[in-house]
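Q: Sharing a structure, written as C-alpha cells. Questions coming.
There are 2 protein chains.
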Amino acid sequence: MQADAATAGTTHPTRRERVREATLLEIKEIARRHLVAHGPPGVSLRAIAREMGMTAPGLYRYFGSHDELMLAMQADYFTELADAVRAADASLPPDDVDGRIHAALRAFRRWALANRAEFALLFGPPGPHHGTPEGPAVAAGQEFAAVFFTLFDRLLAEERFAVPDDDALTPVLCRQLTAFAEHTGFSTAPPLGALHLLTSCWVRLYGVVCMEVFHHLGFIGDDVDALFEAELRGILAAVGVPYRVP
Amino acid sequence: MQADAATAGTTHPTRRERVREATLLEIKEIARRHLVAHGPPGVSLRAIAREMGMTAPGLYRYFGSHDELMLAMQADYFTELADAVRAADASLPPDDVDGRIHAALRAFRRWALANRAEFALLFGPPGPHHGTPEGPAVAAGQEFAAVFFTLFDRLLAEERFAVPDDDALTPVLCRQLTAFAEHTGFSTAPPLGALHLLTSCWVRLYGVVCMEVFHHLGFIGDDVDALFEAELRGILAAVGVPYRVP
DNA sequence: TGGCGCAAGCTTACGGCGTTCACGGAAGTT
DNA sequence: AACTTCCGTGAACGCCGTAAGCTTGCGCCA
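Line by line, the protein sequences give chains A and B.
Using this note's numbering, the letters of the first sequence correspond one by one to residues 1 to 246.
Using this note's numbering, the letters of the second sequence correspond one by one to residues 247 to 492.
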C-alpha cells in the first residue's frame, strides 16, 4: 500500500492498472523485437502471445486488433524519434545554433539507421497492414514534426539566410503554404518563401535517409556516411548554416 | 498452324509454351490487381488461383514461391517504369534537351502516382515479404537506372552546368563515386563532381516522389503538384536547365 | 497412327495467421 | 460473504504458404 504512494506519479494508480501497464509494455516490447527480426509480417499476435506464455485471444484485452497494436507502436516510435532528435539538439549549448542543427539532423539519420524497421513503419508506404495512421499515431507524428519546426524557427529568427521572395512562388503553392502555416503552431507565421525552403530541406533529408534505410543507395557503395554528409552540407547551405565536419 | 507462324515473334514457340506464357501473364495481371486493391499482403496465391478457377498448388508450376512471384512483379514494374520515362523522353524532338528532361522527370512522378502500390514495391522498404531484389528484378532495376544515366549524360555532354570542383569532395566520397562510375556503363567516365551532382538530384527527386506516394506530404495540402514543380525547378537548376512550366 | 513421357493441375495435409465467442476463475469492491 | 469487473483459455472459422503424391491429357516421336 505504501508502495502505491511511492511509485505513483500523478494520480496513484491502482495495482491492477500497474500490472496492466506492465503487460501493455511487455507486448509492445516483444512486438518490437519481432518487427526488427522478421519485418512487419513477423509481428503476429500469436507469436507474441506464445512468447509471453499466453494465448492469442488474451491479447485482445489489450489491443482491439492487430492494426491497433501497430498503430500504438508507430506512436511510440514517433515519440522516441522526436526525443532522440530533441536530445541531440539539447546536448549542445543553446547559443551554438549551428552545432545544434547539425546534431539534430545527424541524430535523425542515426536513429533511422539504428532502427531501420521502426523507421520503415513510420516513413514507409502506408497501407492496411502497417496501419494507416490514426488517433495517437498521427498526434505523435505531429509532435515529431514540431521538433523540426522549432529548429527551423530558430534559424529564421536569427535571419541566417535570405528568405526567398514570395513572388517566385506559384499562386497555388502560396495557398498551400499559407494553409500549412496556419495549421502548424508557429510562434509568428513565417514568410511563405521560408516555409517553402523548410519543406524543400525536409524533402531532401527524408530522401537521403529513406534511400539509405531502404537500401536503395547500394550503387554508391557501402559507406554512405560520405554521401549523407555531402547532402547535409547542401541542405544546411540552403538555410545559411556553414557546414561543420562531424 | 498458320497462326503459329503469324504470332511467332522470333523463334516460333510451341503451343504449350504459348499457353504457358499466357497463364504466366494472367497470374501476374491478377496479382497486380490484388496488389493495387489490397496492398502487398493482399496478393496471395490462393486468392489468385481462386480467381483463375484453379487451386493454389497449381500456381507452383509457374512460380517457385510467393516471393518469386513478387520478384517477377518487381522486374515487370521496373521495366514498365523505365519504358514510361523513356517514352516521355522520346516524345519530344531530340534537340529539345531541356524539354526532354522535363518530360522524363515528370513522367517518373506521373507513373509513381498512377501506380502507387507498384512504386512502393520498387522503392519502399525491402524485406522478406516484398522480396529482397534478386536475379531479374535487380537487372531490371539497373536498366531503369540506366535511363537516368542517359539523360544526365546528355546534359553533361552539352556542358549545361558548371561541374563542381572535385576538391570539394571528401576523399572517401571520391572513392565511392569512382567505384560508382566504373560500375555503371557511362560512355566516358564523368568527373566525380558531376556524378555527385547526379546523385544529389536523384535523391531529391526520390524524396519528393516518395513522400507524395507514401502520403507523407499531407501537411502541405491536397495539391502536391505545386510543390513538386517547385522541387523540380530546384533540381533542374542544379544541372543548369532553365525551368519550364508544364 | 500409336504409344509414351512429361507437365498441368488436383487432392489432401500441415502449420501458422487474425478474430470471435462462450466460459472459468481470480482480483477487487461493497 | 456476495457481487462485479477484468483476465485469460479453449474451441472454432476462414484465411494463408507450402509439400507430397496422384490423375489426366497434351504433344512429341517412332
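The beta carbon of each residue, even a glycine, is placed where N, CA and C say it ideally should be.
With 16 other CB atoms within 10 Å as the buried threshold, where does P40(A) fall?
A: The residue in question, P40(A), is buried, as its Cβ has 16 or more Cβ neighbours within 10 Å.
Q: Exposed or buried, which one is T199(A) when buried takes at least 16 other CB atoms within 10 Å?
A: So T199(A) counts as buried.
Q: Below 8 angstroms on C-beta distance, what does H280(B) contact in chain A?
A: Within 8 angstroms Cβ-Cβ: nothing; H280(B) doesn't reach chain A, min ~12 angstroms.
Q: Indicate the three-state DSSP secondary structure (helix, strand or coil) for F460(B) in the structure shown.
A: Residue state, collapsed to three classes: coil.
Q: Might you give, ordered along the chain, the residues of its own chain that have their beta carbon closer than 8 angstroms to the beta carbon of L169(A), omitting 5 neighbours on each side?
A: For L169(A), where only same-chain residues beyond five positions count, the Cβ hits under 8 angstroms are L177, L192, G193 and H196.
Q: Could you tell me which chain B residues have their CB closer than 8 angstroms to the CB of F219(A), listed as they occur along the chain?
A: Within 8 angstroms Cβ-Cβ: A391, F426, H429 and T430.
Q: If we cut at 8 angstroms on Cβ distances, does R204(A) have a partner in chain B?
A: So, interface residue.
Q: Just to check my reading of the structure: C201(A) and A238(A) have Cβ atoms closer than 8 angstroms, yes? What is that Cβ distance to the nearest angstrom?
A: Indeed they touch by this definition, with Cβ atoms about 6 angstroms apart.
Q: With three or more beta-carbon pairs closer than 8 angstroms as the criterion, would you say the stretch 119-127 of chain A touches the stretch 154-170 of chain A?
A: Contact between the stretch 119-127 of chain A and the stretch 154-170 of chain A is absent, because fewer than three Cβ pairs lie under 8 angstroms.
Q: Rounded C-beta distance between M298(B) and E272(B)? I'm assuming under 8 angstroms.
A: 6 angstroms between Cβ atoms; contact.
Q: By how many angstroms is the C-alpha of K28(A) removed from the C-alpha of R204(A)?
A: Their Cα atoms are separated by approximately 32 angstroms.
Q: According to DSSP, is M300(B) helix, strand or coil?
A: Here M300(B) sits in coil by DSSP.
Q: Below 7 angstroms CB to CB, which residues in the same chain sit around A293(B) once its five sequence neighbours on both sides are set aside?
A: Cβ within range, chain order: H280.
Q: If we cut at 8 angstroms on Cβ distances, does E272(B) have a partner in chain A?
A: No, its Cβ sits nowhere closer than 8 angstroms to a Cβ of chain A.
Q: Exposed or buried, R61(A), counting other C-beta atoms within 10 Å across all chains shown (16 or more means buried)?
A: Exposed, because fewer than 16 other Cβ atoms sit within 10 Å of the Cβ of R61(A).
Q: Say whether chain A places a C-beta atom closer than 8 angstroms to the C-beta of L482(B).
A: It does not: the Cβ of L482(B) has no partner Cβ on chain A nearer than 8 angstroms.
Q: So which residues of chain A does T260(B) contact, with C-beta pairs closer than 7 angstroms?
A: Those do not exist, as T260(B) stays about 39 angstroms from chain A at its closest Cβ, beyond 7 angstroms.
Q: Quick one, which of R346(B), A302(B), A283(B) and V282(B) has its alpha-carbon nearest L291(B)'s?
A: Looking at the Cα atoms, A302(B) is the closest of the given residues.
Q: Would Y206(A) and G453(B) be called neighbours here (beta carbons separated by less than 8 angstroms)?
A: Cβ atoms of Y206(A) and G453(B): closer than 8 angstroms.
Q: Given that a residue counts as buried once 16 or more other Cβ atoms are within 10 Å of its Cβ, and exposed if not, what is E218(B)?
A: The first residue shown for chain B is 247 and the last is 492, placing residue 218(B) beyond what the model contains.
Q: On the CB-based measure, 16 or more other CB atoms within 10 Å of its CB, does H265(A) come out buried or exposed?
A: For residue 265(A) there is no data in the structure shown, the boundaries of chain A being 1 and 246.
Q: For E380(B), collect the residues of the same chain with a Cβ closer than 8 angstroms to its Cβ; drop the 5 residues on either side in sequence, then sort them by chain order.
A: Excluding sequence neighbours, E380(B) sits near L317.
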